[in-house]
Amino acid sequence: MGAWAEGVFDNDTAGDWADELARSDRHQNVADALTAVVQGSLGIDECFEALVAAEVVAAGRGWPIRGLYEPLKHWLQRTEYRPTAKDQRLALDAIAIIRDRSELADEIGQENKKWLAGLQKLIDRLNQKPKPLPAAKPRRILPSEVAAAIERLDLANNSIGLTKGGSVKSLHLCDHDDATLGACLPWLTTAKRLYVARWAKNWATNANEPIPTTDAAFTCLDQFSKLEELNLSCTLITDATLSRIAGLTKLKQLSLACTPITDAGLAHLSGLVNLEELDLGDQGRGNSRLTSAGLACLRDMTKLRTLNLLGTAADDSVLTLLSPMQNLGELDLRRTKVTGAGLVHLSNLLNLWFLELQGIPISDEHLEHLAHLTNLRGLSLSGRRITDKSLDTIVQLLSLESLGLEKATVTDEGLRKIAQLPKLKAVGLKGTDVTMEGARWLRQARPRLDVQGRNR
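Residue numbering for the sequence shown follows the numbering used here, beginning at 1 and increasing consecutively.
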């Protein structure tokens, strides 16, 4: 996340509010948080919650902050939140009040330019014209409706409530246990989009309890022949469910992040040659079960545009499989077993625009392999072997808008090179050798640049 996002979402109160929203189905929670401030609740906690709500409104209008809190991304997708003009105005009014006369403003200081700049960026995104949205889709099935339909099926032997699901194209079936999903899904096999969350609500007790979603819920998954998008992230599915995905050849988007699948299961995915987005990341928990042997399934997925291998045991041999993928635009290799030497296999991916390499052992000479990736807009690196010399290569990437250099051996001298990047909007310097004086110089040289995380 950027510094502004960290400032909002790292606050405990705001983080708790964001987590609560992510677990709910209620759009009204967003408006409630904004209304509280507009109506005079100007405490620090209320202000932080309202700022998160304003970020949700901006994201719902198609202008999210880079690095938006991941659970909120899933919530936006799951609930298909589309803020109204009233929500937009509430957000703008709340920000103005927080900026001008709140306890939070008093605490942070009215002269804090970085904070004020963050607020202004949020205001600017809220004032942007909403991005075009996809054609309207059938209304999402709410958990209560699914439960009621299952009750009619079980108790009255009447399937009418679920057969109406034949026209549903987008399913967000979160907060359900295996039994509910297993009974519901066979009636909804015409869907093109299916999203299932990790934990369920226990409808018997009406309490939120950690009921895992497992293979038992997806025994009919192979019947979803029209499916184009499937998100099973953070469920407890195993390779058995992957065997049922094998024949879903129309799939374009597939997320299996944070699931206990193995190399053996990945073999079932090799025929999904129409995939454009594939997420196998583990959000930093070290999914070493997925190795280069299993990732050989990527070989024929030449249409991939987005690939997340965060925390897997992918090594340089996997990068040789990516070399022919000319459509690849986003690639996350954080905390894998890839080495700097393997970057040579990425040198011809000219459409790559976002590359995450944190936790990869990279030296100055390895970055030369990236010199021709002139469409890169986001690049994230880390490690003491990245020095000022590395910036000689990076400064050739004239499209860069975001640059992360966490724990790199970059000094104040290197900032003069960074200042030459014409489109750069944000640079992360956490843990580097840059001084406060150097960071101050960079802010003066590039007033619109968001300089994040200078250490001392």
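In this text, a Cβ means the ideal position worked out from N, Cα and C, and glycines have one as well.
Is P212 helix, strand or coil by DSSP? Taking the first residue of the sequence shown as position 1, residue 212 is located at position 212. DSSP places P212 in the strand class (E or B) of the three-state scheme.
Since E406 is in the beta strand (DSSP E), which residue starts that stretch and which ends it? As a first step, residue 406 must be located in the sequence shown, where it is residue number 406. DSSP places E406 in the uninterrupted beta strand (DSSP E) bounded by 402-406.
Between N202 and T190, what straight-line distance do the alpha-carbon atoms span, to the nearest angstrom? Position 202 of the sequence shown, counting from 1, holds the residue named residue 202. Position 190 of the sequence shown, counting from 1, holds the residue named residue 190. Here the model assigns N202 a pLDDT of 44, short of 50, so the residue's position is not dependable, and the following value carries that caveat. Those two C-alpha atoms are separated by around 27 Å.
Indicate whether the contact test is met: 3 or more Cβ pairs, each with one atom in the stretch 93-106 and one in the stretch 77-85, closer than 8 Å. No, the stretch 93-106 is not in contact with the stretch 77-85.
Pairwise C-alpha distance: G40 and D332: Counted from its first residue, the sequence shown places residue 332 at position 332. Counted from its first residue, the sequence shown places residue 40 at position 40. Distance between the alpha carbons of D332 and G40: 43 Å.
Measure how close the beta-carbons of T312 and L290 come, nearest whole angstrom, since I'm counting them as under 8 Å. As a first step, residue 312 must be located in the sequence shown, where it is residue number 312. As a first step, residue 290 must be located in the sequence shown, where it is residue number 290. Yes, T312 and L290 are in contact; Cβ-Cβ is about 4 Å, under 8 Å.
Just the C-alpha distance for K129 and R61, rounded to the nearest angstrom, thanks. By one-based count along the sequence shown, residue 129 stands at place 129. By one-based count along the sequence shown, residue 61 stands at place 61. One C-alpha to the other measures close to 8 Å.
Note down, in chain order, each residue of its chain lying with its Cβ closer than 6 Å to the Cβ of F354, except the 5 sequence neighbours on either side. As a position in the sequence shown, residue 354 is number 354, starting the count at 1. So the list reads E330, G378, once near-sequence residues are dropped.
Just the Cα atoms here: how many angstroms apart are I44 and T320? Within the sequence shown, residue 44 is the residue found at index 44, counting from 1. Within the sequence shown, residue 320 is the residue found at index 320, counting from 1. The alpha-carbon atoms of I44 and T320 are separated by roughly 51 Å.
Nearest CA to the CA of A22: which residue from A445, K417, V52? Numbered from 1 along the sequence shown, position 22 holds the residue referred to as residue 22. When only C-alpha atoms are compared, the closest one is V52.
Name the residue from K86, I394, H172, Q223 whose alpha carbon lies nearest to the alpha carbon of L424. Start at 1 with the first residue of the sequence shown, and residue 424 comes out as number 424. Of K86, I394, H172, Q223, the residue nearest in Cα terms is I394.
Is DSSP giving N308 helix, strand or coil here? Within the sequence shown, numbered from 1, the residue matching residue 308 stands at position 308. Three-state result, N308: strand.
For the putative contact between K388 and G414, defined by C-beta atoms under 8 Å, what is the C-beta separation to the nearest angstrom? The sequence position of residue 388 within the sequence shown is 388, counting from 1. The sequence position of residue 414 within the sequence shown is 414, counting from 1. Note on residue identity: the sequence assigns Asp, not Lys, to residue 388. Rounded, the Cβ-Cβ distance is 4 Å, consistent with contact.
Mind reading off the beta-carbon distance from L68 to E55? Whole number of angstroms is fine, and I expect it under 8 Å. Taking the first residue of the sequence shown as 1, we reach residue 68 at position 68. Taking the first residue of the sequence shown as 1, we reach residue 55 at position 55. Under the criterion of beta carbons closer than 8 Å, L68 and E55 qualify as touching, at roughly 7 Å.
Going by Cα to Cα distance, which pick from L376, H172, T339 is closest to P361? Numbered from its first residue, the sequence shown carries residue 361 at position 361. If we check each option's Cα against that of P361, T339 comes out closest.
How should A33 be labelled, buried or exposed, when 16 other C-beta atoms within 10 angstroms of its C-beta is the threshold for buried? On the sequence shown, residue 33 is found 33 positions in, with the first residue counted as 1. The residue is buried, with at least 16 neighbouring Cβ atoms inside 10 Å.
Quick one: Cα of H345 to Cα of S323, how far? Counted from its first residue, the sequence shown places residue 345 at position 345. Counted from its first residue, the sequence shown places residue 323 at position 323. The alpha-carbon atoms of H345 and S323 are separated by roughly 5 Å.
Could you round the C-beta distance between E328 and L310 to whole angstroms and report it? I think they count as a contact, below 8 Å. Position 328 of the sequence shown, counted from the start, is the residue given in the question as residue 328. Position 310 of the sequence shown, counted from the start, is the residue given in the question as residue 310. The question names Glu, yet the displayed sequence has Leu at residue 328. Taking 8 Å as the upper bound for CB-CB distance, L328 and L310 are not in contact here, some 16 Å apart.
Residues near I386 by beta carbon distance below 8 Å, same chain, minus five either side: Start at 1 with the first residue of the sequence shown, and residue 386 comes out as number 386. For I386, same chain residues with a beta-carbon under 8 Å away, outside a window of 5 residues either side, are I362, S363, D364, L367, L405, A408, T409, V410 in chain order.
With a threshold of 8 Å, establish whether the CB of P83 neighbours any heavy atom of the ligand GDP. Absent from the structure shown: the ligand GDP. Ligands present: none.
Taking the Cβ atom as the reference point for each residue, do G265 and D300 lie within a distance shorter than 9 Å? Within the sequence shown, residue 265 is the residue found at index 265, counting from 1. Within the sequence shown, residue 300 is the residue found at index 300, counting from 1. The answer is no: Cβ separation not under 9 Å.
Keeping to the same chain, check which residues put their C-beta closer than 6 Å to that of C47; ignore five residues upstream and five downstream. Against the sequence shown, residue 47 aligns to sequence position 47. Excluding its 5 nearest sequence neighbours in each direction, C47 has C-beta neighbours in its own chain below 6 Å: I98, S102, L104, listed in chain order.
For A216, which residues from the same chain have a beta carbon less than 7 Å from its beta carbon, with the 5 sequence-adjacent residues on both sides left out? What you label residue 216 is simply residue 216 of the sequence shown in a count that begins at 1. D178, G182, listed in sequence order.
Nearest to E356 (by Cα), restricted to the options P83, G281, E228: If you number the sequence shown from 1, residue 356 lands on position 356. The shortest Cα separation from E356 among P83, G281, E228 belongs to G281.
Sub-9 Å separation of P374 and L403 beta-carbons: What you label residue 374 is simply residue 374 of the sequence shown in a count that begins at 1. What you label residue 403 is simply residue 403 of the sequence shown in a count that begins at 1. It should be noted that the sequence gives Thr, not Pro, for residue 374. The Cβ atoms of T374 and L403 do not sit closer than 9 Å to each other.
Are F224 and L242 closer than 9 Å when you measure CB to CB? Residue 224 sits at position 224 when you count from the first residue of the sequence shown. Residue 242 sits at position 242 when you count from the first residue of the sequence shown. No, these two residues do not count as a Cβ contact at 9 Å.
Grab the span of the alpha helix (DSSP H) containing S347 for me, first residue to last. Indexing the sequence shown from 1 puts residue 347 at position 347. Careful: S347 lies outside any alpha helix (DSSP H) and carries neither H nor E.
Going by CA-CA distance only, name the one from K337, I245, A419 that's closest to P447. As a first step, residue 447 must be located in the sequence shown, where it is residue number 447. Selected option, being the one with the closest Cα: A419.
Can you tell me where the beta strand (DSSP E) with V451 in it begins and where it stops? Translated into the one-based positions of the sequence shown, residue 451 becomes position 451. Run containing V451: 450-452, per the beta strand (DSSP E) assignment.
L367 by DSSP, collapsed to three states: which one? For the purposes of this step, residue 367 is taken as residue 367 along the sequence shown, with counting starting at 1. L367: helix per DSSP, three-state reduction.
Drop a sphere of 10 angstroms on the beta-carbon of S390, count the other beta-carbons inside from all chains shown, and report buried for 16 or more, exposed for fewer. Looking up residue 390 in the sequence shown gives position 390. Burial state of S390 is buried, judged by a 10 Å Cβ sphere holding 16 or more other Cβ atoms.
Using DSSP with H/G/I as helix, E/B as strand and the rest coil, what is N375? Your numbering for residue 375 matches position 375 in the sequence shown. In this structure, DSSP gives N375 a state outside helix and strand, which the three-state scheme calls coil.
With distances taken Cα to Cα, identify the nearest neighbour of K73 among S170, A296, K430, V57. Residue 73 sits at position 73 when you count from the first residue of the sequence shown. Nearest option by C-alpha distance: V57.
With a floor of 4 residues, list each alpha helix (DSSP H) that falls wholly inside the stretch 32-97, ordered by position along the chain. For the stretch 32-97, whole alpha helix (DSSP H) runs of length 4 or above, ordered along the chain, are 44-60, 70-79.
From which residue to which residue does the beta strand (DSSP E) around V427 run? What you label residue 427 is simply residue 427 of the sequence shown in a count that begins at 1. Here the beta strand (DSSP E) through V427 covers 426-428.
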